[in-house]
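Residue numbers (my numbering): 3 to 391. For every residue, glycine included, the Cβ atom is placed at its ideal position computed from N, Cα and C. For reference, the structure discussed in these notes is given below.
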Amino acid sequence: MLFMNIAIMLLNQGRGSGEVARQHARHLAQRGCRVHYMHPRVGEGAPGAVNHDIALHSTTMPVHEFLPAAKAEQKTVASMTADEALAYLPAYEAALDAVASELDVIVGHHANLVAVATHRVAKRHGKPFVLFLHGTGIEPRHHGGYARPVWDAIEAAIRAAAGILVTTDYVRDELVRTLVDLPHDRFLVLPCGVDLDEFHPGGSGEIREKYDLPETFVLCPGALTSSKGPQNVVEASRRYADVAPTIFIGDGELREELERELGDRGRFLGFVSADDRTRLVNAATILTAAPQKLEHFGIIYAEALAAGTPPVAYGGGGVPSVVTPDVGLLTERSPEALGSGIRELLSDPARREAMAAAGRPRAERLFSYPELVSILHEWLRHTVRGGSV
3 MLFMNIAIML LNQGRGSGEV ARQHARHLAQ RGCRVHYMHP RVGEGAPGAV
53 NHDIALHSTT MPVHEFLPAA KAEQKTVASM TADEALAYLP AYEAALDAVA
103 SELDVIVGHH ANLVAVATHR VAKRHGKPFV LFLHGTGIEP RHHGGYARPV
153 WDAIEAAIRA AAGILVTTDY VRDELVRTLV DLPHDRFLVL PCGVDLDEFH
203 PGGSGEIREK YDLPETFVLC PGALTSSKGP QNVVEASRRY ADVAPTIFIG
253 DGELREELER ELGDRGRFLG FVSADDRTRL VNAATILTAA PQKLEHFGII
303 YAEALAAGTP PVAYGGGGVP SVVTPDVGLL TERSPEALGS GIRELLSDPA
353 RREAMAAAGR PRAERLFSYP ELVSILHEWL RHTVRGGSV
(Lines of atoms letter the chains of each structure in order from A and count residues from 1; the text may use other names and numbers.)
(Lines give C-alpha, C1' and ligand atoms only; values in the text may rest on other atoms or scores of the structure.)
Protein backbone atom coordinates (compact mmCIF):
# COMPACT_ATOMS: atom_id res chain seq x y z
CA MET A 1 0.00 0.00 0.00
CA LEU A 2 1.51 3.34 -1.07
CA PHE A 3 1.97 6.03 1.59
CA MET A 4 1.00 9.48 0.34
CA ASN A 5 0.77 13.01 1.70
CA ILE A 6 -2.58 14.38 0.53
CA ALA A 7 -4.42 17.66 1.11
CA ILE A 8 -8.21 17.73 0.77
CA MET A 9 -9.79 21.19 0.68
CA LEU A 10 -13.42 22.29 0.68
CA LEU A 11 -15.10 25.69 0.37
CA ASN A 12 -17.07 25.04 3.57
CA GLN A 13 -18.24 22.16 5.74
CA GLY A 14 -20.79 21.10 3.16
CA ARG A 15 -23.48 18.46 3.39
CA GLY A 16 -23.36 15.83 0.67
CA SER A 17 -19.98 16.74 -0.80
CA GLY A 18 -18.67 17.50 2.68
CA GLU A 19 -19.54 14.03 3.91
CA VAL A 20 -17.91 12.49 0.83
CA ALA A 21 -14.72 14.46 1.51
CA ARG A 22 -14.71 13.50 5.20
CA GLN A 23 -15.12 9.83 4.37
CA HIS A 24 -12.37 10.01 1.75
CA ALA A 25 -10.05 11.63 4.30
CA ARG A 26 -10.96 9.08 6.97
CA HIS A 27 -10.41 6.03 4.76
CA LEU A 28 -7.24 7.38 3.12
CA ALA A 29 -5.85 7.90 6.63
CA GLN A 30 -6.81 4.33 7.52
CA ARG A 31 -4.85 3.20 4.47
CA GLY A 32 -1.73 4.84 5.91
CA CYS A 33 -1.83 8.20 4.15
CA ARG A 34 -1.15 11.49 5.90
CA VAL A 35 -4.20 13.59 5.06
CA HIS A 36 -4.47 17.34 5.60
CA TYR A 37 -8.19 18.13 5.70
CA MET A 38 -9.20 21.79 5.55
CA HIS A 39 -12.15 24.15 5.36
CA PRO A 40 -13.46 27.10 7.40
CA ARG A 41 -14.84 26.19 10.83
CA VAL A 42 -13.40 22.70 10.49
CA GLY A 43 -14.10 21.73 14.12
CA GLU A 44 -13.34 18.05 14.68
CA GLY A 45 -12.91 17.62 10.93
CA ALA A 46 -12.22 14.16 9.56
CA PRO A 47 -11.21 11.25 11.84
CA GLY A 48 -7.55 10.33 11.44
CA ALA A 49 -6.68 13.42 9.42
CA VAL A 50 -4.66 16.51 10.31
CA ASN A 51 -7.50 19.05 10.42
CA HIS A 52 -6.88 22.68 9.47
CA ASP A 53 -9.22 25.59 10.05
CA ILE A 54 -9.30 28.24 7.32
CA ALA A 55 -9.72 31.67 8.91
CA LEU A 56 -11.78 33.84 6.57
CA HIS A 57 -11.65 37.63 6.41
CA SER A 58 -15.44 37.83 6.65
CA THR A 59 -18.18 36.38 8.84
CA THR A 60 -20.14 35.61 5.66
CA MET A 61 -19.52 32.01 4.58
CA PRO A 62 -19.03 31.47 0.83
CA VAL A 63 -21.29 28.61 -0.31
CA HIS A 64 -22.42 26.75 -3.42
CA GLU A 65 -26.10 26.78 -2.49
CA PHE A 66 -28.05 28.13 0.46
CA LEU A 67 -28.65 26.11 3.60
CA PRO A 68 -32.16 26.88 4.92
CA ALA A 69 -30.96 27.67 8.45
CA ALA A 70 -28.02 29.93 7.60
CA LYS A 71 -29.86 32.95 6.12
CA ALA A 72 -27.68 36.10 6.06
CA GLU A 73 -24.60 34.28 7.32
CA GLN A 74 -23.82 32.92 3.86
CA LYS A 75 -23.65 33.99 0.23
CA THR A 76 -23.31 31.94 -2.93
CA VAL A 77 -20.05 32.53 -4.76
CA ALA A 78 -21.93 32.41 -8.06
CA SER A 79 -23.84 35.55 -7.05
CA MET A 80 -20.82 37.55 -5.79
CA THR A 81 -19.01 40.31 -7.69
CA ALA A 82 -15.52 39.39 -8.83
CA ASP A 83 -13.84 41.51 -6.16
CA GLU A 84 -16.11 40.06 -3.45
CA ALA A 85 -15.41 36.47 -4.46
CA LEU A 86 -11.67 36.80 -5.06
CA ALA A 87 -11.20 38.45 -1.65
CA TYR A 88 -11.72 35.01 -0.09
CA LEU A 89 -8.85 33.40 -2.01
CA PRO A 90 -5.88 34.45 0.20
CA ALA A 91 -7.24 32.50 3.18
CA TYR A 92 -7.62 29.27 1.19
CA GLU A 93 -4.22 29.71 -0.46
CA ALA A 94 -2.51 30.38 2.88
CA ALA A 95 -3.86 27.14 4.34
CA LEU A 96 -2.51 25.13 1.42
CA ASP A 97 0.77 27.03 1.21
CA ALA A 98 1.50 26.08 4.82
CA VAL A 99 1.65 22.36 4.02
CA ALA A 100 2.31 22.33 0.25
CA SER A 101 6.01 21.49 0.46
CA GLU A 102 5.30 18.09 2.01
CA LEU A 103 2.38 17.12 -0.25
CA ASP A 104 2.27 14.54 -3.01
CA VAL A 105 -1.09 15.69 -4.37
CA ILE A 106 -3.88 18.17 -3.64
CA VAL A 107 -7.57 17.32 -3.96
CA GLY A 108 -9.82 20.37 -4.33
CA HIS A 109 -13.58 20.00 -4.09
CA HIS A 110 -15.98 21.84 -6.43
CA ALA A 111 -15.69 24.08 -9.46
CA ASN A 112 -15.45 27.11 -7.23
CA LEU A 113 -12.91 29.22 -5.32
CA VAL A 114 -11.20 26.10 -3.96
CA ALA A 115 -10.39 25.06 -7.54
CA VAL A 116 -8.70 28.42 -8.10
CA ALA A 117 -6.77 28.29 -4.82
CA THR A 118 -5.69 24.70 -5.48
CA HIS A 119 -4.47 25.59 -8.97
CA ARG A 120 -2.48 28.60 -7.77
CA VAL A 121 -0.78 26.82 -4.87
CA ALA A 122 -0.05 23.68 -6.90
CA LYS A 123 1.56 25.80 -9.62
CA ARG A 124 3.71 27.71 -7.11
CA HIS A 125 4.98 24.54 -5.47
CA GLY A 126 5.16 22.31 -8.54
CA LYS A 127 2.62 19.82 -7.15
CA PRO A 128 -0.01 17.79 -9.04
CA PHE A 129 -3.64 18.43 -8.20
CA VAL A 130 -7.03 16.95 -9.01
CA LEU A 131 -10.50 18.44 -8.70
CA PHE A 132 -13.66 16.72 -7.50
CA LEU A 133 -16.38 18.52 -9.46
CA HIS A 134 -19.73 18.09 -7.74
CA GLY A 135 -22.77 19.32 -9.62
CA THR A 136 -23.73 22.01 -7.11
CA GLY A 137 -20.50 23.89 -7.77
CA ILE A 138 -20.57 23.94 -11.56
CA GLU A 139 -24.32 24.01 -12.22
CA PRO A 140 -24.72 27.79 -11.54
CA ARG A 141 -22.52 28.53 -14.55
CA HIS A 142 -25.16 26.93 -16.77
CA HIS A 143 -27.57 29.62 -15.56
CA GLY A 144 -25.27 32.63 -15.92
CA GLY A 145 -23.70 32.44 -12.46
CA TYR A 146 -20.16 33.57 -11.53
CA ALA A 147 -18.59 36.89 -12.49
CA ARG A 148 -16.52 36.47 -15.64
CA PRO A 149 -13.07 36.83 -13.98
CA VAL A 150 -14.08 34.25 -11.36
CA TRP A 151 -15.32 31.75 -13.93
CA ASP A 152 -12.24 32.27 -16.11
CA ALA A 153 -10.04 31.35 -13.12
CA ILE A 154 -12.22 28.32 -12.33
CA GLU A 155 -12.09 27.12 -15.93
CA ALA A 156 -8.31 27.54 -16.05
CA ALA A 157 -8.04 25.38 -12.93
CA ILE A 158 -10.25 22.67 -14.42
CA ARG A 159 -8.17 22.57 -17.60
CA ALA A 160 -4.89 22.43 -15.65
CA ALA A 161 -5.92 19.64 -13.26
CA ALA A 162 -4.15 16.31 -13.60
CA GLY A 163 -7.52 14.60 -13.30
CA ILE A 164 -11.19 15.27 -12.63
CA LEU A 165 -13.38 13.31 -10.23
CA VAL A 166 -17.16 13.20 -10.71
CA THR A 167 -19.90 11.10 -9.12
CA THR A 168 -21.84 10.15 -12.27
CA ASP A 169 -21.65 10.14 -16.05
CA TYR A 170 -24.39 12.79 -15.95
CA VAL A 171 -22.18 15.26 -14.05
CA ARG A 172 -19.27 14.55 -16.39
CA ASP A 173 -21.16 14.76 -19.69
CA GLU A 174 -24.00 17.22 -19.01
CA LEU A 175 -22.56 19.59 -16.40
CA VAL A 176 -18.77 19.61 -16.87
CA ARG A 177 -17.95 18.71 -20.47
CA THR A 178 -20.62 20.98 -21.95
CA LEU A 179 -18.72 23.90 -20.37
CA VAL A 180 -15.13 22.61 -20.37
CA ASP A 181 -14.68 20.01 -23.09
CA LEU A 182 -12.08 17.67 -21.64
CA PRO A 183 -11.51 14.12 -22.94
CA HIS A 184 -13.13 11.24 -21.10
CA ASP A 185 -9.78 9.81 -20.02
CA ARG A 186 -9.19 12.82 -17.76
CA PHE A 187 -12.12 11.75 -15.57
CA LEU A 188 -12.69 9.21 -12.84
CA VAL A 189 -16.36 8.49 -12.16
CA LEU A 190 -16.48 7.66 -8.46
CA PRO A 191 -19.90 7.38 -6.79
CA CYS A 192 -20.70 8.72 -3.36
CA GLY A 193 -20.44 6.06 -0.70
CA VAL A 194 -22.65 4.94 2.15
CA ASP A 195 -21.85 3.95 5.73
CA LEU A 196 -22.98 0.34 5.46
CA ASP A 197 -22.67 -0.13 9.22
CA GLU A 198 -25.20 2.64 9.90
CA PHE A 199 -27.64 2.01 7.05
CA HIS A 200 -28.79 -1.59 7.08
CA PRO A 201 -31.99 -3.65 7.29
CA GLY A 202 -33.15 -4.07 10.86
CA GLY A 203 -31.25 -1.01 12.07
CA SER A 204 -34.28 1.02 13.13
CA GLY A 205 -34.15 0.37 16.88
CA GLU A 206 -37.08 1.96 18.71
CA ILE A 207 -37.54 4.77 16.18
CA ARG A 208 -41.18 3.95 15.43
CA GLU A 209 -42.03 4.12 19.11
CA LYS A 210 -40.09 7.38 19.57
CA TYR A 211 -42.08 9.18 16.87
CA ASP A 212 -45.30 7.14 17.19
CA LEU A 213 -45.08 5.87 13.62
CA PRO A 214 -47.11 3.08 12.02
CA GLU A 215 -45.54 -0.09 10.65
CA THR A 216 -45.99 1.14 7.07
CA PHE A 217 -44.95 4.69 6.12
CA VAL A 218 -43.33 6.63 3.27
CA LEU A 219 -40.30 8.75 4.21
CA CYS A 220 -39.31 12.00 2.48
CA PRO A 221 -36.02 13.48 3.79
CA GLY A 222 -34.67 16.89 2.78
CA ALA A 223 -34.93 20.62 3.19
CA LEU A 224 -38.42 22.09 2.88
CA THR A 225 -37.49 24.45 0.06
CA SER A 226 -39.04 24.68 -3.37
CA SER A 227 -35.95 23.41 -5.19
CA LYS A 228 -35.93 20.21 -3.11
CA GLY A 229 -39.51 19.48 -4.16
CA PRO A 230 -41.36 18.55 -0.93
CA GLN A 231 -44.42 20.23 -2.44
CA ASN A 232 -44.37 17.56 -5.17
CA VAL A 233 -44.38 14.77 -2.57
CA VAL A 234 -47.22 16.45 -0.65
CA GLU A 235 -49.25 16.51 -3.86
CA ALA A 236 -48.25 12.92 -4.73
CA SER A 237 -49.44 11.72 -1.31
CA ARG A 238 -53.06 12.28 -2.36
CA ARG A 239 -52.76 9.11 -4.45
CA TYR A 240 -51.70 6.74 -1.66
CA ALA A 241 -52.59 8.35 1.67
CA ASP A 242 -55.29 5.77 2.33
CA VAL A 243 -52.54 3.10 2.32
CA ALA A 244 -49.69 4.85 4.18
CA PRO A 245 -48.86 8.28 5.64
CA THR A 246 -45.89 10.33 4.45
CA ILE A 247 -43.34 11.39 7.06
CA PHE A 248 -41.17 14.41 6.23
CA ILE A 249 -37.85 15.11 7.98
CA GLY A 250 -36.07 18.42 7.52
CA ASP A 251 -37.18 22.01 7.75
CA GLY A 252 -37.39 25.19 5.70
CA GLU A 253 -39.52 28.14 4.72
CA LEU A 254 -42.26 25.99 3.15
CA ARG A 255 -43.08 24.02 6.29
CA GLU A 256 -46.13 25.96 7.48
CA GLU A 257 -47.69 26.03 4.02
CA LEU A 258 -46.99 22.36 3.37
CA GLU A 259 -48.37 21.26 6.73
CA ARG A 260 -51.67 22.90 5.79
CA GLU A 261 -51.68 21.21 2.38
CA LEU A 262 -50.71 17.80 3.74
CA GLY A 263 -53.44 17.76 6.37
CA ASP A 264 -53.98 14.32 7.87
CA ARG A 265 -52.07 12.50 5.09
CA GLY A 266 -48.82 12.54 7.09
CA ARG A 267 -46.57 14.50 9.46
CA PHE A 268 -43.57 16.81 9.51
CA LEU A 269 -40.95 15.90 12.12
CA GLY A 270 -38.66 18.88 11.44
CA PHE A 271 -34.94 18.52 11.96
CA VAL A 272 -33.95 15.25 13.59
CA SER A 273 -30.56 14.03 14.80
CA ALA A 274 -28.27 12.24 12.36
CA ASP A 275 -28.83 9.00 14.28
CA ASP A 276 -32.62 9.36 14.14
CA ARG A 277 -32.47 10.19 10.45
CA THR A 278 -30.51 6.99 9.79
CA ARG A 279 -32.95 4.90 11.83
CA LEU A 280 -35.92 6.44 10.01
CA VAL A 281 -34.39 5.51 6.64
CA ASN A 282 -33.84 1.97 7.95
CA ALA A 283 -37.42 1.75 9.22
CA ALA A 284 -39.31 3.26 6.25
CA THR A 285 -41.39 1.16 3.89
CA ILE A 286 -40.52 3.39 0.94
CA LEU A 287 -38.20 6.40 0.60
CA THR A 288 -39.12 9.15 -1.85
CA ALA A 289 -38.02 12.59 -3.06
CA ALA A 290 -38.98 14.80 -6.00
CA PRO A 291 -36.58 17.73 -6.52
CA GLN A 292 -37.43 20.36 -9.09
CA LYS A 293 -34.05 20.03 -10.81
CA LEU A 294 -32.27 16.89 -11.99
CA GLU A 295 -30.23 15.32 -9.22
CA HIS A 296 -26.52 14.86 -9.80
CA PHE A 297 -26.28 11.62 -7.82
CA GLY A 298 -28.84 11.09 -5.06
CA ILE A 299 -27.05 9.93 -1.92
CA ILE A 300 -30.36 9.39 -0.09
CA TYR A 301 -31.27 6.68 -2.58
CA ALA A 302 -27.97 4.86 -2.05
CA GLU A 303 -28.62 5.05 1.70
CA ALA A 304 -32.08 3.60 1.13
CA LEU A 305 -30.64 0.68 -0.84
CA ALA A 306 -28.21 -0.08 1.98
CA ALA A 307 -31.11 0.04 4.44
CA GLY A 308 -33.25 -2.34 2.39
CA THR A 309 -35.78 0.47 1.80
CA PRO A 310 -36.98 0.64 -1.83
CA PRO A 311 -36.79 4.19 -3.25
CA VAL A 312 -39.42 5.71 -5.54
CA ALA A 313 -38.19 8.90 -7.17
CA TYR A 314 -38.18 11.12 -10.22
CA GLY A 315 -36.01 9.77 -13.01
CA GLY A 316 -33.31 11.66 -14.88
CA GLY A 317 -29.92 13.14 -14.05
CA GLY A 318 -27.60 10.85 -12.14
CA VAL A 319 -30.33 8.97 -10.26
CA PRO A 320 -30.50 6.02 -12.70
CA SER A 321 -26.90 5.20 -11.81
CA VAL A 322 -28.13 4.51 -8.27
CA VAL A 323 -31.71 3.26 -8.68
CA THR A 324 -32.26 0.46 -11.17
CA PRO A 325 -35.57 -1.38 -11.82
CA ASP A 326 -34.60 -4.31 -9.61
CA VAL A 327 -34.07 -2.15 -6.50
CA GLY A 328 -36.53 0.73 -6.84
CA LEU A 329 -38.87 2.68 -9.08
CA LEU A 330 -38.18 5.80 -11.14
CA THR A 331 -41.17 7.73 -12.46
CA GLU A 332 -41.92 10.54 -14.84
CA ARG A 333 -41.32 13.96 -13.33
CA SER A 334 -44.83 14.73 -12.10
CA PRO A 335 -46.50 14.38 -8.67
CA GLU A 336 -49.23 12.27 -10.24
CA ALA A 337 -46.75 9.75 -11.66
CA LEU A 338 -44.78 9.71 -8.40
CA GLY A 339 -47.90 9.12 -6.32
CA SER A 340 -49.10 6.35 -8.62
CA GLY A 341 -45.69 4.67 -8.45
CA ILE A 342 -45.65 4.76 -4.67
CA ARG A 343 -49.18 3.37 -4.49
CA GLU A 344 -48.24 0.60 -6.91
CA LEU A 345 -45.32 -0.44 -4.74
CA LEU A 346 -47.21 -0.12 -1.45
CA SER A 347 -49.80 -2.51 -2.89
CA ASP A 348 -47.22 -5.16 -3.83
CA PRO A 349 -45.35 -6.42 -0.71
CA ALA A 350 -43.65 -9.23 -2.62
CA ARG A 351 -42.15 -6.79 -5.10
CA ARG A 352 -40.97 -4.53 -2.27
CA GLU A 353 -39.32 -7.46 -0.53
CA ALA A 354 -37.52 -8.45 -3.73
CA MET A 355 -36.29 -4.88 -4.20
CA ALA A 356 -35.10 -4.69 -0.60
CA ALA A 357 -33.26 -8.00 -0.99
CA ALA A 358 -31.52 -6.74 -4.14
CA GLY A 359 -30.83 -3.24 -2.83
CA ARG A 360 -28.46 -4.13 -0.01
CA PRO A 361 -26.07 -6.19 -2.21
CA ARG A 362 -26.06 -3.39 -4.81
CA ALA A 363 -25.06 -0.90 -2.12
CA GLU A 364 -22.33 -3.24 -0.85
CA ARG A 365 -21.03 -3.74 -4.37
CA LEU A 366 -21.08 -0.13 -5.60
CA PHE A 367 -21.23 2.25 -2.62
CA SER A 368 -18.84 0.83 -0.02
CA TYR A 369 -16.41 3.56 1.10
CA PRO A 370 -13.44 1.20 1.69
CA GLU A 371 -13.77 -0.08 -1.88
CA LEU A 372 -14.32 3.37 -3.38
CA VAL A 373 -11.35 4.88 -1.55
CA SER A 374 -9.16 1.99 -2.68
CA ILE A 375 -9.97 3.01 -6.26
CA LEU A 376 -9.35 6.67 -5.42
CA HIS A 377 -6.00 5.88 -3.78
CA GLU A 378 -4.77 3.96 -6.82
CA TRP A 379 -5.94 6.74 -9.15
CA LEU A 380 -4.11 9.36 -7.09
CA ARG A 381 -0.99 7.20 -7.16
CA HIS A 382 -1.04 7.24 -10.97
CA THR A 383 -1.57 11.00 -10.87
CA VAL A 384 1.48 11.54 -8.69
CA ARG A 385 3.57 9.33 -10.97
CA GLY A 386 2.40 11.28 -14.00
CA GLY A 387 0.66 8.27 -15.47
CA SER A 388 -2.69 8.02 -17.16
CA VAL A 389 -5.57 9.24 -15.03
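Item to check | Extent of the continuous beta strand (DSSP E) to which N53 belongs | outcome: The sequence position of residue 53 within the sequence shown is 51, counting from 1. N53 -> beta strand (DSSP E) spans V52 to D55.
Notebook entry, point to check: What residues are listed by DSSP as bridge partners for Q32?
Noted result: Locating residue 32 in the sequence shown gives position 30, where the first residue counts as 1. DSSP lists no partner for Q32.
If you draw a straight line from the alpha carbon of M3 to that of E86, how long is it in whole angstroms?
In the sequence shown, residue 3 corresponds to position 1, counting from 1. In the sequence shown, residue 86 corresponds to position 84, counting from 1. With a pLDDT of only 49 at M3, under 50, the local geometry of the prediction cannot be trusted, and no value is derived from it.
- Task: With DSSP collapsed to three states, give me the class of H41.
- Result: Here residue 41 refers to the residue found at position 39 of the sequence shown. DSSP places H41 in strand when its eight states are reduced to three.
* Asked: DSSP state of M3, grouped into three classes?
  -> In the sequence shown, residue 3 corresponds to position 1, counting from 1. Caution applies to M3, whose pLDDT of 49 falls short of 50 and renders its modelled position unreliable; the model cannot decide the point.
Flag this pair as yes or no: are the beta carbons of R267 and A243 separated by less than 8 Å?
Along the sequence shown, read from residue 1 onward, the residue named residue 267 stands at position 265. Along the sequence shown, read from residue 1 onward, the residue named residue 243 stands at position 241. Going by C-beta atoms, R267 is nearer than 8 Å to A243.
* Span of the beta strand (DSSP E), counted from its first residue to its last, around V132 -> Taking the sequence shown and counting its residues from 1, the one referred to as residue 132 is at position 130. That run of the beta strand (DSSP E) goes F131 to F134.
Item to check | A64, enclosing alpha helix (DSSP H) - first and last residue | outcome: Residue mapping note: residue 64 aligns to position 62 of the sequence shown, counting from 1. Here residue 64 is Pro; the residue named in the question, Ala, does not match the sequence. No alpha helix (DSSP H) contains P64, which is instead part of the beta strand (DSSP E) from M63 to V65.
*On the DSSP bridge assignment, give the partners of Y90 in chain order.*
Looking up residue 90 in the sequence shown gives position 88. Looking at the DSSP assignment, Y90 forms no beta bridge with any residue, so it has no partner.
Residue burial classification, F273 (beta-carbon count within 10 angstroms, cutoff 16): On the sequence shown, residue 273 is found 271 positions in, with the first residue counted as 1. F273 is exposed by the Cβ-count criterion.
- How would you label S323, buried or exposed, when you count the other beta carbons within 10 angstroms and need 16 or more for buried? Against the sequence shown, residue 323 aligns to sequence position 321. In the assembly as shown, S323 is a buried residue. Its beta-carbon has 16 or more other beta-carbons within 10 Å.
message = Below 8 Å, how does it come out for the stretch 253-265 and the stretch 281-295: are there three or more Cβ pairs, yes or no?
response = no
So what does DSSP say about K230, is it helix, strand or coil?
-> As a first step, residue 230 must be located in the sequence shown, where it is residue number 228. If DSSP states are grouped into helix, strand and coil, K230 belongs with the helices.
| said: Buried or exposed for D199, going by 16 or more other Cβ atoms inside 10 Å? | reply: Within the sequence shown, residue 199 is the residue found at index 197, counting from 1. Classification of D199: exposed, given that the 10 Å Cβ count is below 16.
Here's a check: name, in chain order, each residue in its chain whose Cβ is nearer than 6 Å to the Cβ of G110, leaving out the five neighbours to either side.
The residue given as residue 110 occupies position 108 in the sequence shown. Once the five neighbours on either side are set aside, the close Cβ partners of G110 are M11, V116, A117, T120 and L133.
*Using a threshold of 8 Å, state whether the C-beta atoms of P293 and G231 are closer than that.*
Taking the sequence shown and counting its residues from 1, one reaches residue 293 at position 291. Taking the sequence shown and counting its residues from 1, one reaches residue 231 at position 229. Yes. Within cutoff.
**Prompt:** Which residues bound the beta strand (DSSP E) around T333?
**Reply:** Translated into the one-based positions of the sequence shown, residue 333 becomes position 331. Taken as a continuous stretch (DSSP letters only), the beta strand (DSSP E) holding T333 covers L331 to T333.
key: Proximal residues to A238 (C-beta, below 6 Å), its chain only, five neighbours per side dropped   = Here residue 238 is taken as the residue at index 236 of the sequence shown, counted from 1. P337, L340 and G341.
- Message: I'd like to check one pair, I156 with Y148: are the Cβ atoms closer than 8 Å?
- Response: Walking along the sequence shown from the start, residue 148 turns up at place 146. Walking along the sequence shown from the start, residue 156 turns up at place 154. Yes, Cβ-Cβ distance for Y148 and I156 is below 8 Å.
Notebook entry, point to check: Taking just the CA atoms, how far does S19 sit from A309?
Noted result: One-based indexing of the sequence shown puts residue 309 at position 307. One-based indexing of the sequence shown puts residue 19 at position 17. Straight-line Cα distance between these residues: approximately 21 Å.
- Message: Let me make sure I understand the geometry here. Which of A51, A48, K77 and G50 has the alpha-carbon closest to that of T62?
- Response: Locating residue 62 in the sequence shown gives position 60, counting from the first residue. The shortest C-alpha separation from T62 is found at K77.
**Report entry** Outcome for R281 when other beta-carbon atoms lying within 10 angstroms are tallied against a minimum of 16
**Finding:** Taking the sequence shown and counting its residues from 1, the one referred to as residue 281 is at position 279. The residue in question, R281, is buried, as its Cβ has 16 or more Cβ neighbours within 10 Å.
Handout entry: Three-way DSSP call (helix, strand, coil) for Y341 in this model
Key = Against the sequence shown, residue 341 aligns to sequence position 339. Strictly speaking, residue 341 in this sequence is Gly, with Tyr absent from that position. If DSSP states are grouped into helix, strand and coil, G341 belongs with the helices.
#### Entry: For Y303 and V283, the rounded distance between their alpha carbons
For this step, residue 283 is matched to residue 281 along the sequence shown. For this step, residue 303 is matched to residue 301 along the sequence shown. For V283 and Y303, the gap between their C-alpha atoms comes out near 10 Å.
Would you call the stretch 20-31 and the stretch 39-55 in contact, with 3 or more CB pairs under 8 Å?
At 8 Å Cβ cutoff, the stretches touch.
### Query
What runs of the alpha helix (DSSP H), each 4 residues or longer, lie entirely inside the stretch 147-180?
150-162
For T248, list the residues DSSP reports as bridge partners. Position 246 of the sequence shown, counted from the first residue, corresponds to residue 248. Per DSSP, the beta-bridge partners of T248 are V220 and G268.
How long is the line joining the alpha carbons of A93 and A356, rounded to whole angstroms? Position 91 of the sequence shown holds residue 93. Position 354 of the sequence shown holds residue 356. Roughly 51 Å between the two C-alpha positions.
For this session: Assess, as a yes-or-no matter, whether the stretch 171-188 is touched by the stretch 124-143 under the definition of 3 or more beta carbon pairs within less than 8 Å.
Result: The stretch 124-143 vs the stretch 171-188: in contact.
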